[in-house]
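Undergrad: Numbering (the UniProt record's numbering), first residue to last: 1 to 731.
So this is what it looks like as structure tokens:
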């Protein structure tokens, strides 16, 4: 009943916003609105044939209250795929669990977790001396916590492992949270605007932490936000047992309700989208026919609303917003710019190291190996972590309360996604330019000089694009912070008067012009001038290496964007010196894992937990035993030369990245599997939406012997988080 009510109101908002978004899309297509042209190339074909990371990790199985050693694979779609062991993965057996981590928080201490659990069910707190809901057998837990869905418990043996698994998990959360495709120019803005309008109708302004995941996950979060307090007050007092047992039961109840809400929300949302798509051709035809009249009508409406609203809005901006814009901007600029600067440094270091290694170790043949690794740099969670961590410094302090910003996580994740995209654009531009040059080179010296020259060109482009991306991010963030505040302030005096403007809209154009949207545009205009001026002044003062808007970088590579239209470069296919006898699939197995790891097992869990390890787990090696596939160390002389060069060109900060200590053989990581981005649905008990991606249909044909799950018939196919990229996160 609650889902039907919420979705009914939302779908009404969505239908209204769909017409507006379609009009804006067609108008943009006709009129265009060009900003500065990006200097770096953008990868048109996403990298899909790689595994981000795979390794062993201990998982707590709630059903039998035991810890098991699991083999975890993170494919290119950033789902966490857990197998019984490495052997099960290699034999292509169905995975135990697939986790879509949208909406989750990665916790690294049991105390953090217990605090969140205690807050989720007020009045139910274990007494001192009683066993808590979770005990971890090591000092290095990793917990995935969600406010509505089931939780996942992991642990590792060392602090270094914990840090690196945390980086991997956070990358998964970051990627899955960004589940609404920006490629959609109509559906995505219609959806996000409908969510905003719905929440504002409930007097909820400001940023929303649970706007994460795909559309159905976001809608499920919207329903649960209203439903959970009612559930808690109804069911909470009836829970039996000691406090930890009641907490466990509550988590299971919340998860079960979340699944039900997800199924209902998906069905209703899909039906609403289908209805809008059915009407789309007719709406688009009307827009193209009457474009000039619609624009004239909208401008007339805007002028009337502006005359009514603008005087009040300008006073509000002058008194409550303008004095704080520079403080907010400075708080945003410092960590964001440090993150981009770190991304530039990581890129420079990786290419410089590659250049030295290619010269020392074998020219073109070595170049292929290093370029395969470099092409995935932006997707390397450990190497990129130093960039992402800079955003942890973002604090709005008193400004956060003043402007009703519930959390800064929205801005942190957005900036981190921009960093990753910028890094990938730089890498792709570098490899495209280098690929073009290779045919003209003669010998190692030419190769070395060419790499250095291309690196310098790419860094100049990086600096220009970085400035453009950051300025756009700052403007958007300032609007996200100030506009909801202004709307809330103006609501008592303005919102009730908006109905009288409805009569100014022709009935034929009512699908494309909304009074509420036009009112928000007027409010936006009232503060936009001050925001643009603040960002412009920061650029004029060259703060944080921002460029002025008037500075246009002359295109030194007129044919560069034509190169970007070509097919993706496969370095191993074109330049590999491998003998013909080695299958191409085997070469890909070695080259395509992004995070290299050594050692399959650090050791066993304490408390006699050796008995918990699954048969087929790889045996640990002796400390002095060489790892298969790891190349022998270079001669000492080469080491000394490399260290001297590194110190001279990079300074003291150029330490080699420590490899993960828990995972697969670096020389032969598992090849990407067809069953990882699966298209079937997840069993109802093994994983939760948003905490679950679906295993293959075969997974549904058997019971879960370990957890006691019953057999289920496969549910009907469901939606995906990322259409068009082969990324399936269905539930």
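Glycine included, C-beta positions come from ideal geometry on N, C-alpha and C.
(1) Compare the C-alpha of residue 459 against each of 449, 430, 485 and name the closest.
(2) Mind checking residue 507: buried by the 16 CB within 10 Å criterion, or exposed?
(3) CB residue 391 to CB residue 335, shorter than 8 Å?
(4) With a threshold of 16 other CB atoms inside 10 Å of the CB of residue 216, please say whether the residue is buried or exposed.
(5) Output the distance between the C-alpha atoms of residue 5 and residue 337, rounded to the nearest integer angstrom.
(6) Nearest by alpha-carbon distance to residue 242: which of 64, 133, 341, 231 is it?
(7) If you compare alpha carbons, which of 39, 22, 14 is closest to residue 509?
(8) How do the stretch 150–160 and the stretch 389–403 stand: do at least 3 beta-carbon pairs fall below 8 Å, yes or no?
(9) Closest to residue 261 by CA distance: which of 220, 296, 289, 254 is it?
(10) Using the beta-carbon count (16 or more within 10 Å), is residue 300 buried or exposed?
(11) Does DSSP classify residue 440 as helix, strand or coil?
(12) Using only the alpha-carbon positions, how far apart do residue 58 and residue 89 sit?
(13) If you scan the stretch 194–235 from start to end, which runs of the alpha helix (DSSP H) of 4 or more residues do you find wholly inside it?
(14) Taking the C-alpha atoms as reference points, what is the distance between residue 9 and residue 42?
(15) Please go through the same chain and pick out, in chain order, the residues whose beta-carbon is closer than 6 Å to the beta-carbon of residue 104, but skip the five residues on each side of it.
(16) Which runs of the alpha helix (DSSP H) at least 4 residues long sit entirely within the stretch 405–472? Give them in chain order.
(17) Below 8 Å, can you find three or more Cβ-Cβ pairs linking the stretch 157–177 to the stretch 404–418?
(18) Between the alpha carbons of residue 476 and residue 524, how many angstroms are there, rounded?
(19) Have a look at residue 53 and residue 155 and give me their C-alpha separation to the nearest angstrom.
(20) Any idea what DSSP makes of residue 388, helix, strand or coil?
(21) For residue 100, tell me which candidate among 78, 356, 236, 530 has the shortest Cα-Cα distance.
(22) Residue 344 by DSSP, collapsed to three states: which one?
(23) Out of 423, 327, 517, point me to the one whose CA is closest to residue 386's CA.
(24) So, with DSSP's three-state summary, where would you put residue 506?
(25) According to DSSP, is residue 56 helix, strand or coil?
(26) Taking the CB atoms as reference points, tell me whether residue 74 and residue 83 lie closer together than 8 Å.
(27) To test your reading of the DSSP string, which unbroken alpha helix (DSSP H) runs of 4 or more residues are found completely within the stretch 486–547?
(28) Near residue 504, what residues of its chain come up, given a Cβ to Cβ distance below 7 Å and the 5 sequence neighbours on each side ignored?
(29) On the premise that residue 76 lies in contact with residue 48, defined as a C-beta separation below 8 Å, what is that separation, rounded to the nearest angstrom?
(30) Just mark residue 263 as buried or exposed, buried being the case when its beta carbon has 16 or more other beta carbons within 10 Å.
(31) Could you tell me the distance, in whole angstroms, from the CA atom of residue 474 to the CA atom of residue 332?
(32) Only counting the same chain, and skipping five residues up and downstream in sequence, which positions put a Cβ closer than 8 Å to that of residue 520?
(33) With a CB to CB cut of under 8 Å and the five nearest residues on each side skipped, what residues in its chain are close to residue 290?
(34) Would you kindly work out how many angstroms separate the C-alpha atoms of residue 117 and residue 232, rounded to a whole number?
(35) In the structure shown, what three-state DSSP assignment does residue 11 receive?
(36) Please classify residue 16: is it buried, with 16 or more other beta-carbons within 10 angstroms of its beta-carbon, or exposed?
TA: Let's see:
(1) In terms of CA proximity to residue 459, 430 leads the group 449, 430, 485.
(2) Residue environment analysis places residue 507 among the exposed positions, since fewer than 16 neighbouring C-beta atoms fall within 10 angstroms of its C-beta.
(3) It is a contact, given that the beta carbons lie within the stated cut-off.
(4) With 16 or more other Cβ atoms within 10 Å, it is buried.
(5) The straight-line gap from Cα to Cα measures roughly 44 Å.
(6) It is 133.
(7) Distance check between residue 509 and each of 39, 22, 14 places 22 closest, using alpha-carbon atoms only.
(8) No, the stretch 150–160 does not touch the stretch 389–403.
(9) Ranking 220, 296, 289, 254 by Cα distance to residue 261 puts 220 first.
(10) Flag for residue 300 reads exposed.
(11) Helix, per DSSP.
(12) Looking at the two C-alpha atoms, the distance is approximately 16 Å.
(13) With a minimum length of 4 residues, the unbroken runs of alpha helix (DSSP H) contained wholly in the stretch 194–235 fall at 215–235.
(14) Approximately 39 Å, taken between the alpha carbons.
(15) Cβ neighbours of residue 104 beyond the five flanking positions: 144, 146, 173.
(16) At a cut-off of 4 residues, the continuous stretches assigned as alpha helix (DSSP H) that sit fully inside the stretch 405–472 are 409–437.
(17) With the cut-off at 8 Å, the stretch 157–177 and the stretch 404–418 touch.
(18) Cα to Cα, residue 476 sits roughly 11 Å from residue 524.
(19) Going from the Cα of residue 53 to the Cα of residue 155 covers about 17 Å.
(20) Helix.
(21) Ranking 78, 356, 236, 530 by Cα distance to residue 100 puts 78 first.
(22) Helix at residue 344.
(23) Distance from the Cα of residue 386 is smallest, within the candidate group 423, 327, 517, for 423.
(24) Reduced to three states, the DSSP call for residue 506 is coil.
(25) When DSSP states are grouped into helix, strand and coil, residue 56 belongs to the strand group.
(26) Result no, Cβ atoms of residue 74 and residue 83 do not sit closer than 8 Å.
(27) Taken in chain order, the whole alpha helix (DSSP H) runs of length 4 or more contained in the stretch 486–547 are 515–540.
(28) Cβ within range, chain order: 300, 301, 304.
(29) With 8 Å as the limit, residue 48 and residue 76 qualify as a contact, their Cβ atoms being about 5 Å apart.
(30) Here residue 263 is buried, its C-beta having at least 16 other C-beta atoms within 10 Å.
(31) Between residue 474 and residue 332, the alpha-carbon positions lie close to 7 Å from each other.
(32) Answer for residue 520: 483, 487, listed in chain order.
(33) For residue 290, where only same-chain residues beyond five positions count, the Cβ hits under 8 Å are 508, 509.
(34) Residue 117 and residue 232: Cα-Cα distance of roughly 13 Å.
(35) The DSSP-derived three-state label of residue 11 is helix.
(36) Buried, by the Cβ-count rule.
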